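In this note's numbering, the protein residues as written are 55 to 359.
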Ligand code: ATP
Ligand code: ATP
Ligand code: MG
Ligand code: MG
């Protein structure tokens, strides 16, 4: 760009960068989604389509940023984990935060019609923060914190809405009944008053969604597609992390998915396919002949392509 006498004002800009060698986490959270979900007729306590739309928007972000190793979502939030050695935008905080947030928000709106049959009444927005975690323990504890939050909120919300929808209580009454109750009492209230066995509730609602990357063979030959697989599993215990070591160690290859559970497969159209078919060729080239070591069975209950 041509220099002008006004150029000096650039000197006023300051750039924060993420500390080296730390995992970078960006968390987006719907602004005023209590009101937004009510205004848009979301099923309470959990609107499945609304949650799938969140996962779709998150998959779009993962598709754009190859250095995101996983993303965890629940309710109106999603957390994106960047590899600790990423050099995306030279690790500039504002760049990473603002682009992730705006791409997530625009994707949520872009795909609204594909997931929700009701009209979008007003533009939703999301807040976003960026946090650096220096150790694997810190990062795993962060993920545990979010999943524990999902569990606590879902337990309360399922009991609350059970009392309102199944036992005919007012919201005020339901709130009073649940006030001060511990987890086991909530289970009992749901079982006795609402005929709900919480253990049988959907894993999507109880556990949230962990989006992980997998490679799938493209027909014959040695080329692969990257797919984003939503897992509704426990991420607090070691099992998940032992099965997915590539999330914490970017030197390890993305696992190849041998088979996809077709029954519950949710294949969504790729964002870029809709916008521009010319991106396809570049992507195919990139995926050809990858050196792949890990082969895992798909433990998936759906794939976001
Ligand atoms: P970065 O991600 O670093 O911002 P960029 O490609 O967006 O990269 P900018 O310096 O922001 O680079 O420049 C914006 C580009 O978009 C320019 O090349 C400009 O010509 C083009 N552009 C923006 N608005 C319009 C418009 N209304 N009509 C035509 N071209 C436009
Ligand atoms: P803030 O702007 O401070 O984040 P908020 O109203 O978004 O305010 P949160 O604490 O983020 O408050 O809670 C999100 C709200 O959105 C909860 O009330 C939750 O019930 C609702 N919500 C989010 N996703 C869904 C969904 N898929 N189905 C039903 N309700 C949902
Ligand atoms: Mg919110
Ligand atoms: Mg929230």
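Cβ atoms here follow ideal geometry from the backbone N, Cα and C, with glycine treated the same way.
Just so you know, these numbers come straight off a predicted model, no measurement behind them.
6 Å CB neighbourhood of residue i in its chain, flanking five on each side removed
i, result
"residue 174", "166"
"residue 95", "172"
"residue 145", "71, 72"
"residue 306", "299, 300"
"residue 270", "279, 281, 311"
"residue 104", "96"
"residue 60", "none"
"residue 336", "Low confidence applies here, because residue 336 scores a pLDDT of 44, under 50, leaving its location unreliable; read the following figure in that light. Nothing listed; no residue qualifies."
Test item: CB-CB of residue i and residue j under 8 Å
i, j, result
"residue 101", "residue 91", "yes"
"residue 112", "residue 132", "yes"
"residue 190", "residue 177", "no"
"residue 89", "residue 215", "no"
"residue 169", "residue 106", "yes"
"residue 197", "residue 289", "yes"
"residue 282", "residue 116", "yes"
"residue 223", "residue 231", "yes"
"residue 284", "residue 265", "yes"
"residue 137", "residue 152", "no"
"residue 295", "residue 194", "yes"
"residue 286", "residue 239", "no"
"residue 161", "residue 110", "yes"
Helix, strand or coil at residue i [DSSP, three-state]
i, result
"residue 73", "coil"
"residue 62", "helix"
"residue 301", "helix"
"residue 194", "helix"
"residue 181", "strand"
"residue 267", "strand"
"residue 285", "strand"
"residue 279", "strand"
"residue 171", "coil"
"residue 312", "coil"
"residue 143", "helix"
"residue 324", "For residue 324, the predicted structure reports a pLDDT of 46, less than 50, and the residue's modelled location is therefore unreliable. The matter cannot be settled from this model."
"residue 133", "strand"
"residue 56", "coil"
"residue 176", "coil"
"residue 307", "coil"
"residue 81", "strand"
"residue 123", "strand"
Neighbourhood of residue i by C-beta distance below 7 Å, restricted to the same chain and skipping five residues each side
i, result
"residue 155", "82, 180, 182"
"residue 64", "none"
"residue 228", "214, 217, 218"
"residue 233", "none"
"residue 237", "209"
Beta carbon proximity, residue i to chain C, threshold 8 Å
i, result
"residue 139", "Although the question refers to chain C, the structure presented lacks it and comprises just one protein chain."
Cβ distance (whole Å) where residue i is taken to contact residue j below 8 Å
i, j, result
"residue 140", "residue 121", "4 Å"
"residue 213", "residue 184", "Residue 213 to residue 184, Cβ: 34 Å. No contact."
"residue 119", "residue 142", "6 Å"
"residue 217", "residue 247", "6 Å"
"residue 245", "residue 254", "That pair is no contact at about 11 Å."
"residue 267", "residue 308", "5 Å"
"residue 80", "residue 150", "7 Å"
Same chain, Cβ closer than 8 Å to residue i, neighbours up to 5 away in sequence not counted
i, result
"residue 204", "128, 129, 260, 261, 262"
"residue 87", "129, 130, 178"
"residue 34", "For the chain, the structure presents residues 55 to 359; residue 34 sits outside this window and is missing."
"residue 220", "247, 248, 249, 250"
"residue 75", "138, 139, 188"
- Any residues whose CB sits closer than 7 Å to a heavy atom of ligand 4? List them in chain order? 83, 84, 87, 129, 130, 131
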